Ligand code: TMP
C-alpha cells in the first residue's frame, strides 16, 4: 500500500494517509523526548524496536480478545493501522509504585500494589497532559460514560494479559500508558503503541530498568535496554 501525504508528525511517529480511507500508515522515529518535549534526544534503533514490539503486543492482545487498531506490519519501521479518532485520554495502569505516582504521594518506588490502579491524563500538550477524573472527562465531552467504562475494562484486561506475559520473560510490568480510539462505527479499540517508551519494565531478578526511564533519568545504556526488551519479547 502506498504512502500518501503525511497527516501528522508526533514526537515519536509520523502518520500517513493510504489509498484506503479506513487505513493509516505509521512510521516510527528514533527521536525521543521527555517531560513534555523539554528533553530531546535520539535513541538509535528505537523506531524499529518500538514498531516490532508494539505489533507483537497488539497481536497477542487481539488473540486474548482485546480489539486493537493493528492491521499489518509493512517494514522495520512501518505499520498499517485502522484509522481511529483518538479518545484524548492517556490511560495509565500501575502495578508497582514508580515515576509520577511515587513523586506525587511521597513514597519510594517499588511498592507492589495489592490491586492495580488506573488514572487518566487529558491528552493536551499545551496543558502538559494534566490528570483528569471521569467526571471532568464527561464534563469536557472527551468520552461518554459507556466509553469510559469500556476503556477501563479493556485497560485492566490488557494489564492481566501483559503482566502474565512479562512474568515469563523475568520482567516486572511496573506501569504503562495506553491510548484508545474509535473506528468509524464507534467501536473502541486499543491504539497507539506499547513499547519501552510507554511502559516501565524492571528485570525481576536485578530490578534493572529496561525502559525509557534510562533516557529520562540519564542512566546510560539506553539502546542496550531497548534491545534487551525486544530480544526477550520476540524471543530472538
Ligand atoms: P508517570 O509515572 O510519569 O506518570 O508514567 C506512567 C507510565 O506512563 C510510564 O510507564 C511511562 C508512561 N508515559 C508515557 O507513555 N507517556 C508520557 O508522556 C508519560 C508522562 C508517561
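Residue numbers (the working numbering): 2 to 237. The beta carbon of each residue, even a glycine, is placed where N, CA and C say it ideally should be. This one's a predicted model, so the numbers in the text were calculated from it and none came from an experiment.
Check: Any idea which residues DSSP pairs residue 7 with across the strands?
Finding: 17
### Task
Pick helix, strand or coil for residue 185, following the three-state DSSP scheme.
coil
query: What whole-angstrom Cβ distance do residue 219 and residue 100 have, given they're in contact under 8 Å?
result: Contact flag wrong, Cβ pair sits at about 15 Å.
How about residue 64: is its Cβ closer than 7 Å to a heavy atom in the ligand TMP? False, no ligand heavy atom lies under 7 Å from that Cβ.
Can you give me the start and stop residues for the alpha helix (DSSP H) that residue 62 sits inside? 47-64
Less than 6 Å between C-beta atoms, sequence neighbours within five positions excluded: which residues of the same chain meet that for residue 73? 81
### Query
Which whole-angstrom value describes the C-beta separation of residue 103 and residue 109, a residue pair presumed to lie in contact below a C-beta threshold of 8 Å?
6 Å
Item checked: Cβ shell of residue 117 (< 6 Å), same chain only, five flanking positions each side left out -> 94, 96 and 160, listed in sequence order.
- Query: Taking the alpha carbon of residue 151 as the point to measure from, which residue in 190, 201 and 12 has its own alpha carbon closest?
  - Reply: Of all alpha-carbon atoms in 190, 201 and 12, the one lying nearest the alpha-carbon of residue 151 is that of 190.
*asked:* Just to confirm my understanding: we take residue 226, look at its own chain, exclude 5 residues before and 5 after, and list those with CB closer than 6 Å. What are they?
replied: Cβ neighbours of residue 226 beyond the five flanking positions: 211 and 215.
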